[in-house]
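Working notes, structure below.
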Amino acid sequence: MNSISKKKLFYPIAACLRSYLHEYDRETKLPVHYEDLIHYTDAFPYYDKKGHDTLWETIMFDQQAQAELNIGLTQIYALLKTDGDMSVMEHLYVSRVDYCTFGNSNPFRVQIMNQLNDNYDYFYVKRADASRIYGLELEYILSPNRINYLVDGDTLIEEHIAGIPGDLFIKEYLNRAASNKVRIAKEFVKFNERCFVRLLGDMRSYNYVVDITPDFEDEQYRVRPIDFDQQSYEGRKSMYLPQFFKDNNMIVELVLKLLKPDVVKQYQNEERTLIFRRLRTARYRLKDLIDCMRKDTISTPEKIAQLKQELAQHHKSDEFLKCRGMGDLVRLNLKTVMKKAKIK
1 MNSISKKKLF YPIAACLRSY LHEYDRETKL PVHYEDLIHY TDAFPYYDKK GHDTLWETIM
61 FDQQAQAELN IGLTQIYALL KTDGDMSVME HLYVSRVDYC TFGNSNPFRV QIMNQLNDNY
121 DYFYVKRADA SRIYGLELEY ILSPNRINYL VDGDTLIEEH IAGIPGDLFI KEYLNRAASN
181 KVRIAKEFVK FNERCFVRLL GDMRSYNYVV DITPDFEDEQ YRVRPIDFDQ QSYEGRKSMY
241 LPQFFKDNNM IVELVLKLLK PDVVKQYQNE ERTLIFRRLR TARYRLKDLI DCMRKDTIST
301 PEKIAQLKQE LAQHHKSDEF LKCRGMGDLV RLNLKTVMKK AKIK
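The following block contains the structure:
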């Protein structure tokens, strides 16, 4: 069983990363910041449709603050979705703000409602942490998914990533008659590979979602991470492999049961090849990001020392022992795995 650091350290955004965010249009002036939402006046538990406590609280503000925040939060949604074009947002309003009382980041979740048809969407207001931003950028560059986020000072705005929470998927969807278990197993192998290549940790079942897409004959599945706080932070190599979390045991058992070792290797190689193609397309952007990461501090010396030893053993390469920080390790891990992809 993996043990995760009880309290993950927060790392401020350094000058290099700040310049990167400005260069690639991730930084903008926001009308509402994280600290503005801290001063709520009341809160009550938020229960899901089945009456279960979600460990989120719906928060309330005094009347004047509520009116000001509603305008500002709607403007943020417009910035996130339409680059600030408020003309298409006139029918939208803030219907609820929730506060997460557990975990490290304590985010706020904002529900935006369309008053014409009661359709709704979400976005999140969080404290900006360098680890998380590196994780978001690597997800944008190297994964098959695109993700929108904005930064202003110490505030991070993230769009909602739609999907079925992994723990709920395993409990209620995995053994449905309609589920294609071979495709689920295949996608988990590819997800496992994506996490390890870019060293994204802590992918326990409640830190990712499963997006189900009906196909003309069957269903397709896409596993997407929703928590990027543990990007290149932990020291144990197994922390970057979702297969080693007990929460995921049922899917791991599915992989072992349905996929032969040669087929698993095939899917791993397929995913490495796809990552290599994305990397090649965005190589200058990735280089700029990794250059900042190599200068930055996003983990402890003890964890860096442990991870470089374990990666050196895994890849059978002493080059990892020369790495000085997590940025060096991500760069070399990418380079090493991508070299294998090109050979294949």
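Mapping of the sequence shown onto full-length UniProt numbering: position 234 corresponds to residue 234, and the numbering continues sequentially without gaps. Glycine included, each C-beta is placed from N, C-alpha and C at the ideal position.
Excluding five sequence neighbours on each side, which residues of the same chain lie with their C-beta closer than 8 angstroms to the C-beta of residue i?
i	result
K8	N104, S131, D229, Q230, Y233
L259	V182, A185, K186, V189, Y267
K335	none
For residue i, which residues does DSSP report across the bridge?
i	result
T213	Q220
V125	F108, I157
Q66	Answer by DSSP bridge pairing: none, since Q66 is not bridged.
V97	V110
A43	I59
E27	V151
D36	In the DSSP output, where bridge partners are listed per residue, D36 has none listed.
Q268	According to DSSP, Q268 bridges with nothing at all.
D247	Partner(s): none; D247 has no beta bridge.
D53	Y47
Q309	Paired residues: none, contrary to the question.
I76	Paired residues: none, contrary to the question.
Just confirm the distance between the C-beta atoms of residue i and residue j, as a whole number of angstroms; I'd bet it's less than 8 angstroms.
i	j	result
L156	R127	7 angstroms
D318	C16	In fact, because the Cβ distance is near 28 angstroms, the residues do not count as touching under 8 angstroms.
G21	V151	According to the sequence shown, residue 21 is Leu rather than Gly. That belief holds up - the Cβ atoms of L21 and V151 are roughly 5 angstroms apart, short of 8 angstroms.
F108	Y99	6 angstroms
Y46	E57	6 angstroms
L289	E139	Rounded, the Cβ-Cβ distance is 11 angstroms, inconsistent with contact.
R204	D247	5 angstroms
P165	Y206	6 angstroms
Y124	Q111	11 angstroms between Cβ atoms; not a contact.
N333	L199	6 angstroms
Quick check: what's the CA-CA separation for residue i versus residue j?
i	j	result
R280	D53	45 angstroms
A305	G235	7 angstroms
R331	Q309	16 angstroms
F10	D83	29 angstroms
D211	Y134	23 angstroms
E217	N175	18 angstroms
E159	R146	11 angstroms
G325	H33	31 angstroms
R272	G201	18 angstroms
T41	E35	14 angstroms
D167	N148	24 angstroms
E302	F102	26 angstroms
I226	V189	18 angstroms
P31	L69	9 angstroms
E219	I251	17 angstroms
A14	N180	45 angstroms
F196	Y173	25 angstroms
K257	N249	12 angstroms
E270	I76	38 angstroms
A312	L274	24 angstroms
Y208	K50	21 angstroms
N192	P242	6 angstroms
M113	V94	6 angstroms
K316	R294	22 angstroms
C323	H314	15 angstroms
Closer than 7 angstroms by C-beta to residue i: which residues in its own chain qualify, once you throw out the five before and the five after it? Chain order, please.
i	result
P12	A130
E187	Y221, R222, V223
residue 351	The requested residue 351 does not occur in the structure, where the chain is confined to residues 1 to 344.
I170	S205, M250, I251
D62	T41
R96	T58, Q111
A78	G84, D85, M86, M89
Exposed or buried, which one is residue i when buried takes at least 16 other CB atoms within 10 Å?
i	result
M86	exposed
F299	The amino acid at residue 299 is misidentified as Phe; the sequence shows Ser. By the neighbour-count rule (16 or more Cβ atoms within 10 Å), S299 is buried.
I343	For I343, the pLDDT reaches just 49, beneath the cut-off of 50, and the residue's location in the model is therefore unreliable, although a value from the coordinates is still provided. Exposed is the call here.
F44	exposed
T74	buried
A162	exposed
Y284	exposed
L55	exposed
V88	exposed
F276	buried
residue 347	Examination of residue 347 is not possible in this model, given that the chain is present from 1 through 344 alone.
K287	exposed
Q115	exposed
I59	buried
I71	exposed
Y240	buried
L321	exposed
Y24	exposed
Return the chain-ordered list of same chain residues with a C-beta closer than 6 angstroms to the C-beta of residue i, the five sequence neighbours on each side being excluded.
i	result
D262	none
N106	C100
A282	I141
C292	C16, L17, Y20
Is residue i near the ligand SAH, judged by its Cβ being under 7 angstroms from some heavy atom?
i	result
P261	The ligand content of the structure shown is nil, which means the ligand SAH is not present either.
Quick check on residue i - is its C-beta less than 8 angstroms from some C-beta in chain B?
i	result
L37	Among the chains in the structure shown there is no chain B, since it carries only a single protein chain.
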